[in-house]
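Let me begin by presenting the structure, written as structure tokens, before commenting on it.
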Amino acid sequence: MKDLVRSAVIAASLLFATSSLAQHQTFTADPSASQVAWALGGNGHHVSGTFHVQSGTVDFDRTAHTISGSIVVAAGSGNSGEPSRDKKMNNDVLDVAHYSDITFVPQKYEGSIAPTGDSIIQVSGTFTLHGTPHDLTVPMQIHIDGGTVTGKTHFVVPYVKWGLKDPSIFILKVAKEVDIDLTLVGKVPAN
4 MKDLVRSAVI
14 AASLLFATSS
24 LAQHQTFTAD
34 PSASQVAWAL
44 GGNGHHVSGT
54 FHVQSGTVDF
64 DRTAHTISGS
74 IVVAAGSGNS
84 GEPSRDKKMN
94 NDVLDVAHYS
104 DITFVPQKYE
114 GSIAPTGDSI
124 IQVSGTFTLH
134 GTPHDLTVPM
144 QIHIDGGTVT
154 GKTHFVVPYV
164 KWGLKDPSIF
174 ILKVAKEVDI
184 DLTLVGKVPA
194 N
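Structural data, given as structure tokens:
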């Protein structure tokens with residue numbers, strides 16, 4: 004009887020450990036399928052473009068509600084379709100010679116991540132732009148289909164308030180905030 008109880012306890016422990024491990028997953032972004040789209044308004048014009056997601060790995064646990072990792076965007080990859088404007092953005096505003104990466108490091112999330120299908124969560128973490136960290140909370144729409152994960156969010160970066168140069172000139176005035184739409188596509192290992 005004692006051996007039967009011991010076996011049952013060991014089996015239950017293994018089942019719990021396996022179940023617990025199944026809740027922890029690592030998302031790895033595919034840079035070729037992920038992107039950052041941006042839009043900047045101004046007087047009489049609107050400029051939009053993209054940045055390249057360089058890398059991204061996010062560890063999350065649905066049971067413990069923990070999240071960690073980082074998303075890295077190449078600051079010098081900004082592309083508005085106008086080379087002279089992009090050069091000014093890279094040199095004068097983003098100073099990519101000194102600050103080559105823009106990063107987001109998630110630290111916690113609220114809400115539930117379904118094992119499959121759609122979920123909406125709030126992710127809080129540190130957004131580092133121009134070498135300066137800023138607290139940021141963003142809504143994240145997540146879609147999980149087998150091992151493929153797509154995460155999308157929209158947020159606003161008050162870049163002038165955060166200390167970056169205002170690119171406005173005499174008659175050409177631009178907004179002091181830029182709209183960001185981030186799409187991350189990648190994989191989680193199958194459990």
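Following the numbering used here, the numbering of the sequence shown begins with 4 at its first residue and continues without gaps. No residue lacks a Cβ here, since even glycine has one placed at the ideal position from N, Cα and C.
In the DSSP assignment, proline 109 falls within the beta strand (DSSP E) that extends over 104-113. A straight line joining the alpha-carbon of glutamate 180 with that of alanine 32 spans about 27 Å. For serine 87, the uninterrupted alpha helix (DSSP H) run begins and ends at 86-91, by DSSP. Distance from the Cα of threonine 135 is smallest, within the candidate group Tyr102, Ala77, Ala117 and Lys111, for Tyr102. The C-alpha of aspartate 138 lies about 7 Å from the C-alpha of serine 127. For isoleucine 123, the enclosing beta strand (DSSP E) begins and ends at 120-132. Per the Cβ contact rule, the region 59-69 is not in contact with the region 91-106 (fewer than 3 Cβ pairs under 8 Å). Cβ neighbours of glutamine 125 within its own chain (closer than 7 Å, five residues either side excluded): Tyr112, Glu113, Gly114, Thr140 and Pro142.
DSSP places serine 80 inside the beta strand (DSSP E), whose first and last residues are 69-82. Taking the Cα positions, valine 152 is about 15 Å away from valine 56.
Counting every other CB atom within 10 Å of its CB across the protein chains shown gives glycine 59 a total of 16 or more, marking it as buried.
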